[in-house]
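Trainee:
Chains as they are written, first to last, in this note's numbering: chain G, 1 to 319; chain H, 1 to 319.
1. Should the stretch 216-225 of chain G be called in touch with the stretch 81-95 of chain G, which here means at least 3 C-beta pairs below 8 Å?
2. Would you kindly work out how many angstroms separate the C-alpha atoms of residue 251 of chain H and residue 221 of chain H, rounded to a whole number?
3. Roughly how many angstroms separate the alpha carbons of residue 11 of chain G and residue 5 of chain G, rounded to a whole number?
4. Kindly indicate if chain H contains any beta-carbon less than 8 Å away from that of residue 112 of chain G.
5. Take every Cβ of the stretch 272-287 of chain H, pair it with every Cβ of the stretch 167-182 of chain H, and state whether three or more of those distances are shorter than 8 Å.
6. Need the endpoints of the beta strand (DSSP E) that residue 97 of chain H sits in, please.
7. Are the stretch 265-275 of chain G and the stretch 179-195 of chain G touching, with three or more C-beta to C-beta distances below 8 Å?
8. Between the alpha carbons of residue 1 of chain H and residue 260 of chain G, how many angstroms are there, rounded?
9. Which ranges does the beta strand (DSSP E) cover as unbroken runs of at least 3 residues, wholly within the stretch 3-68 of chain G, from first to last along the chain?
10. Please classify residue 286 of chain G as buried or exposed, where buried requires at least 16 neighbouring CB atoms within 10 angstroms.
11. Between residue 28 of chain H and chain G, is the shortest Cβ-Cβ distance under 8 Å, so that the two count as touching?
12. Check the Cβ of residue 32 of chain G against every Cβ in chain H and list those closer than 9 Å, keeping chain order.
13. Select from G:65, G:68, G:31, G:15 the residue whose C-alpha is nearest the C-alpha of residue 43 of chain G.
14. Do you know whose CA, among G:106, G:240, G:233, G:86, lies nearest residue 20 of chain G's CA?
15. Are the Cβ atoms of residue 124 of chain G and residue 52 of chain G separated by less than 8 Å?
16. Closer than 8 Å, Cβ to any Cβ of chain H: which residues of the stretch 29-59 of chain G, in chain order?
17. Looking at the structure shown, is residue 137 of chain H part of a helix, part of a strand, or coil, going by DSSP?
18. Examine chain G for any beta-carbon lying closer than 8 Å to the beta-carbon of residue 9 of chain H, and answer yes or no.
19. Taking 8 Å as the threshold (beta carbon to beta carbon), is residue 208 of chain H in contact with chain G?
20. In chain order, what residues of the stretch 82-114 of chain G put their CB closer than 9 Å to some CB of chain H?
21. Less than 8 Å separating the beta-carbons of residue 163 of chain H and residue 305 of chain H?
22. Among residues of its own chain, excluding the 5 on either side of residue 64 of chain H, which ones have a beta-carbon nearer than 6 Å to its beta-carbon?
23. Roughly how many whole angstroms lie between the Cα atoms of residue 32 of chain G and residue 41 of chain G?
24. So residue 102 of chain H packs on residue 49 of chain H, CB below 8 Å; how close in whole Å?
25. Where does residue 207 of chain H sit, in a helix, a strand or coil, going by DSSP?
26. Is it buried or exposed for residue 308 of chain G, if we count other Cβ within 10 angstroms and need 16 for buried?
27. Under 8 Å, Cβ to Cβ, is there at least one residue of chain H near residue 152 of chain G?
28. What residues from chain G crowd round residue 116 of chain H, counting only those whose CB sits closer than 8 Å?
29. Taking the CB atoms as reference points, tell me whether residue 188 of chain G and residue 133 of chain G lie closer together than 8 Å.
30. Closest by CA to residue 210 of chain H, which one among H:128, H:225, H:232?
31. Starting from residue 92 of chain G, follow its DSSP beta bridges and name the residues at the other end.
32. List the residues that DSSP assigns as beta-bridge partners of residue 187 of chain H.
33. Taking Cβ-Cβ distances shorter than 8 Å, what residues in chain H pair up with residue 24 of chain G?
34. Can you tell me whether residue 117 of chain G is buried or exposed, with buried defined as 16 or more other CB within 10 angstroms of its CB?
35. With 8 Å as the threshold, decide whether the Cβ of residue 14 of chain H is near any Cβ in chain G.
36. Which first and last residues belong to the beta strand (DSSP E) in which residue 202 of chain G is found?
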């Protein structure tokens, strides 16, 4: 669930007077997302999303995220667009939290991924990478390779309780991945969390991308590796090469990959799987069991990691 | 949180073909309510709420609830109106659950109750009681006095762990209340759960009532007692007689109370406080601590119960 902060109707009404978007008509918490509190807000002018930024987001970085969304929207990417208040500021405060209003995107995220979703995701990701080129600011990826060792250190002690042997398997994988990690591939603004629940479809077409709060400046092809992990495994964790091929072909139609990027796909996919295995493991061990969030199974990503470690080269991904 | 069942976009699209309400535009889980899964659904025709009925609701009773909502809406009460499918049926199935689409109500529920909310709530409750008179079906109140002893039995064993002494205090209160419970007061259709999160306001006016899934046929004034408990205590659990007076005066402007109803207010309020103390205690003891619902503190209602037990007569409520 994703409402950590209760917003009183009076506080919201007062907050809205700082905007030129009309008065409140309806206001409901949204049961999606796990990092921030999100509300669906209808005013006399239309529909919006109100986000209250919770503890995991560093407030100093919020202008970077909002600026990126504004930049991408201006470049024609369909994503939530920050709405500025009367004073020109998009980042404001509400109920003691930083808060922003963004535009509402129609569409529904695919609960079950079908092969025909994967091409549009690849195309949208390439469009995002192209649109991001001109965004001048950089944000180091806290959950990129440099962050994995400290993250592992904080959860390795509890790893064997989740699955015996994990406390040896994960450090070994990390060493292997870091040793092979590429450092000359093209970088830029990446979404870094483009899972199915962050991609909307409408009438069979991709209608928008949401949730840019893990976005960072990092290897572009790493973003593809995240999507291959997020979209191309079946429920039984078998890899669906048809989905991967559709995603990569559509990506390359907009932004062709260099031979070096293609060759790096296995290690990038390993890194992406490790990254989600580690954050899930950390949450699994550290989330109080009575918290109102679903703990996601880290082993799903450990199994993906094993698949990628066994991939001999990029042809494992259908290219 | 209130999304227990994941609805795939394909299943939803197929479901909507049974209706004449257009095609899907947006679909989000709503983070409110604890009994059923609720989704905000936008179609090309407008906005709706999709409800999937989860385990606590007896499917045999769903036609009664939907029929009541339809009846009340036809009588002019603003409440969600069940939308019938092309075949005329409002109660359908989706993802293995019973499901219904209802109309969307604008408005926002008051996170902080102010005295000016309480008059409109009293007036709406009286209007509901009047509008319900012609609804011919009856539904015994499973959470009425006859249900309290069995409920207490199932949680009294864990009561002292919540607060020492509770395992003696609650049975004593129950005996006292049942002995004094009135059985000749007017009965009818009651909402039985008209808490602030079930009442919407818009521009300072009450704009609708929602969530009729505890509604039942029971003593009308007991519904007032529930509202006095739900609306007229402050955060520190002190009783706000100004709020109670406003609520009762507005109620009586539409449906005057008989002397017997007025005299019964203390015991009705005791019963209402005990009912919520017991269901909260039961949930507190029996909800797995990793469940995705917020457990509500039963002691808040134990303290209300003590207030009502100390009330010498109906004048304690400002009348």
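Where a beta carbon is used, it is the ideal one built from N, C-alpha and C, also for glycine.
Mentor: This is what the structure gives:
1. no
2. 10 Å
3. 12 Å
4. Closer than 8 Å to some Cβ of chain H, the Cβ of residue 112 of chain G qualifies, so yes.
5. yes
6. 97-103
7. yes
8. Here residue 1 of chain H scores only 40 on pLDDT, less than 50, and its place in the model should not be relied on; the value that follows carries that caveat. Straight-line measurement puts the Cα of residue 260 of chain G at about 46 Å from the Cα of residue 1 of chain H.
9. The qualifying runs are 24-29, 37-43, 46-52.
10. exposed
11. yes
12. 3, 28, 29, 31
13. G:15
14. G:86
15. no
16. 29, 30, 31, 32, 40, 42
17. Coil.
18. Chain G contact via Cβ: present.
19. Not one beta carbon of chain G lies nearer than 8 Å to the beta carbon of residue 208 of chain H.
20. 104, 105, 106, 107, 108, 109, 110, 111, 112, 114
21. no
22. The answer, listed in chain order, is 137, 139.
23. 15 Å
24. 5 Å
25. strand
26. buried
27. With 8 Å as the cut-off, residue 152 of chain G does not count as an interface residue toward chain H.
28. Here the premise fails: no neighbours, minimum Cβ distance about 12 Å.
29. yes
30. H:128
31. G:99
32. H:219
33. 108, 202
34. Under this definition residue 117 of chain G is a buried residue.
35. Among the residues facing chain G, residue 14 of chain H is not included, as its CB has no counterpart in that chain under 8 Å away.
36. 199-202
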